[in-house]
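Structure first, commentary second.
Residue numbers (this note's numbering), protein chains in the order written: chain V, 1244 to 1596; chain X, 14 to 325.
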């Protein structure tokens, strides 16, 4: 955990959601071997957005990311040429339609497209904690004085794994079952130096417990043509896995002589896996910290699990709708394959959305 | 204060075996820790910069799998350690190691991390080196190779200089991707590395420009510098030496160890560094200049002044 001196802040936040809506009922109708379960009741996901495959729609991962980056920059005081750093965090790196990229970096291609000519650029890949990881690195680079401002962006064609699952899934115990709850999206956030306490990232600390790195694996399918995600849901969401966040967060706070209650968070944003997961994670936090959890912000009912973008999408939607208060203190808790957990604490007042 | 290299290692797969990036990077990590006489708990952050990996795995971070292989922060509940390691993948083609040094510097200065372990491993996704490989992929140019670099703060002024990056407005003349349309059920074994005519010149131009800009801006004496380069083509070191006006032996682009085919990719800077250590620095050289260049096109440079002198 680091001190606030020379800290960073969220300066602008953007998103792009594909307009095409697919309900959970419509998705289940496409599942070849229809599992005998009420998917909407289990996950709480009523619908999700899906990409438009036509090239002119520009809704491959790269196109989605570009639209979100432009949205964020539209709310920012900075021009693309002002950016010192561009980080891309997409898990699904589809560009030119169906090509899944390993190099060049998406970040470099996005920086070029945006006109961020002098920006240092690189991709981070850290499963659903990707954007949080990008923010973590950018925060450290700003704190160290190496840079002044940067952009973290992610565009996800997550429903590509749902398409594969719909073809291949056998029953609700199938390792691809979790793939049915994902949705497509893009989000982008601009960070710069904090100038006062009204807008400040107080801390962001992340940890990987690697014993469980194999519980969720993404790769091309060896049965049909498509990419797939294989998740051991029972192990992944065991209570001991969920206890990692409070244990780590409590220890980090203890180094500063503080407790969770001292933090006086107004809002908490959990990773948007499903409504039950969010409730379970909050109950675990309440039990472990021995204090009620702050108001929990969610978008999973409407957008599903959007992977890397979920926390930033939840923030953007609630700030924009006025359902989250400005001048408040927010806690963002990642939960990702790896396993990655941690905590981001920020006061948000003037953030452009 | 500066960031220094505490240990470095390169691991090539045993002959004719299907290499795994996770295993190569894991072994290189353990070799680094053994050299530095440190336990896995000493690592605060693990950054994996490899590009090509077994099965084209895209989740979790390969870094998390390497972290498991190296036994670093396996379960915080069972064994809470103060350093509670964090890992992730940083990908920027052949520039990955240098970008990782750039990020590591901020994490070591402002993040409270004591040590950062950088791993760089590339393998053909389908195991080109496997004796039973159905379709040996002769178009894939890179060697199966893993490497690791352990970084930490030092009270001395010696160590890494600032990392500078360079780019070009031109479209990248090289790229690596999986064309998923038409891959059928074989996507775990395929990869396309596209190299347009003129890609080597594009990379050479950018590498030379970025390196000469670095030398000028940082006031380096190129005559007292040993350059460690990427190796996008076999003769790249020779051609880069020509562009920089240096004798051929002042640009190191070593062959990978082992009997396998292919050029070093993300591991090239670590491979070159190890060659510089084992070969010893010439009398009239007192610093290294890492020059990385690859898809983007994207380039990065950083100087390194060793704390102790390796003599020939």
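Glycine residues also receive a C-beta, built at the ideal position from the N, C-alpha and C atoms.
Remember, it's a predicted structure, so these values are computed and weren't measured experimentally.
Here residue 1260(V) is buried, its C-beta having at least 16 other C-beta atoms within 10 Å. Around the beta carbon of residue 102(X), 16 or more other beta carbons lie within 10 angstroms, which makes this residue buried. Residue 1363(V) has a beta carbon lying within less than 8 Å of a beta carbon in chain X. Listed along the chain, the chain X residues whose CB falls inside 7 Å of the CB of residue 1548(V) amount to none; the nearest CB is some 13 Å away.
Sequence-distant Cβ neighbours of residue 1391(V) in its own chain, meaning closer than 8 Å and more than five residues away, are 1327, 1385, 1435 and 1436.
Residue-level contact by beta carbon holds for residue 120(X) and chain V, with a gap shorter than 8 Å. Scanning its chain for C-beta atoms nearer than 6 Å, with the 5 sequence neighbours on each side dropped, one finds around residue 178(X) the residues 313, in chain order.
Taking a C-beta cut-off of 9 Å against chain X, none of the residues of the segment 1525-1545 of chain V qualify. Following the DSSP letters along the chain, one finds residue 1304(V) inside the alpha helix (DSSP H) bounded by residues 1304-1317. Considering only 227(X), 274(X), 81(X) and 214(X), the residue with the shortest C-alpha distance to residue 317(X) is 227(X). Counting along the chain, residue 290(X) sits inside no beta strand (DSSP E); it lies in the alpha helix (DSSP H) bounded by residues 281-292.
In summary, the residues of the segment 1334-1355 of chain V whose CB is separated from some CB of chain X by less than 9 Å are 1334, 1335, 1336, 1337, 1338, 1339, 1340, 1341, 1342, 1343, 1344, 1345, 1346, 1347, 1348, 1349, 1350, 1351, 1352, 1354 and 1355, in the order they occur in the chain. Annotation for residue 223(X): the continuous alpha helix (DSSP H) segment containing it runs 212-231. Contact residues of the segment 1439-1460 of chain V toward chain X are 1449, 1450, 1451, 1452, 1453, 1454, 1456, 1459 and 1460 (C-beta to C-beta distance below 7 Å). CA-to-CA, the gap between residue 1466(V) and residue 1411(V) works out to about 8 Å. The beta carbon of residue 1580(V) sits closer than 6 Å to the beta carbons of 1370 and 1459 from its chain, once the five residues preceding and following it are set aside; these are given in chain order.
By the neighbour-count criterion, in which 16 or more other beta carbons inside 10 Å mark a residue as buried, residue 1310(V) falls on the buried side. A distance of 8 Å or more separates the beta carbons of residue 1573(V) and residue 1475(V). In the structure shown, residue 278(X) adopts coil according to DSSP, grouped into three states. By the beta-carbon neighbour count (other beta carbons within 10 angstroms, threshold 16), residue 135(X) is buried. In summary, the residues of the segment 80-114 of chain X whose CB is separated from some CB of chain V by less than 7 Å are 80, 81, 85, 86, 87, 88, 89, 90, 93, 97, 98, 99, 100, 101, 102, 103, 104, 105, 106 and 112, in the order they occur in the chain. Around the beta carbon of residue 1372(V), 16 or more other beta carbons lie within 10 angstroms, which makes this residue buried.
Contact annotation: in the segment 188-204 of chain X, residues whose CB is within less than 7 Å of a CB in chain V are 188, 189, 190, 191, 192, 193, 194, 196, 197, 198, 200 and 201. Between residue 191(X) and residue 224(X) a beta carbon distance of about 32 Å is seen, past the 8 Å cut, so the two are scored as non-contacting. Secondary structure at residue 105(X): strand, using DSSP grouped into helix, strand and coil. Here the alpha carbons of residue 127(X) and residue 169(X) stand approximately 16 Å from one another.
About 4 Å separates the CB atoms of residue 76(X) and residue 100(X); that is less than 8 Å, so the two are in contact.
Each of 240(X), 122(X), 237(X) and 281(X) was checked against the Cα of residue 1249(V), and the nearest Cα belongs to 122(X). Here DSSP, grouped into helix, strand and coil, assigns residue 35(X) to helix. Residues of chain V whose Cβ lies closer than 7 Å to the Cβ of residue 254(X) do not exist, since the nearest Cβ in that chain is about 25 Å away. Following the DSSP letters along the chain, one finds residue 1507(V) in no beta strand (DSSP E), marked with neither H nor E.
Only residues of its own chain outside the window of five on either side were considered, and among them 65, 135, 137, 206, 275, 276, 277 and 278 have a CB closer than 8 Å to the CB of residue 155(X), listed in chain order. When DSSP states are grouped into helix, strand and coil, residue 300(X) belongs to the strand group.
In the DSSP assignment, no residue is bridged to residue 115(X).
Taken in chain order, the members of the segment 1475-1503 of chain V whose beta-carbon sits within less than 7 Å of a beta-carbon on chain X are 1483, 1486, 1487, 1490, 1491 and 1494. Boundaries for residue 1547(V): no alpha helix (DSSP H) harbours it, and the DSSP string shows neither H nor E there.
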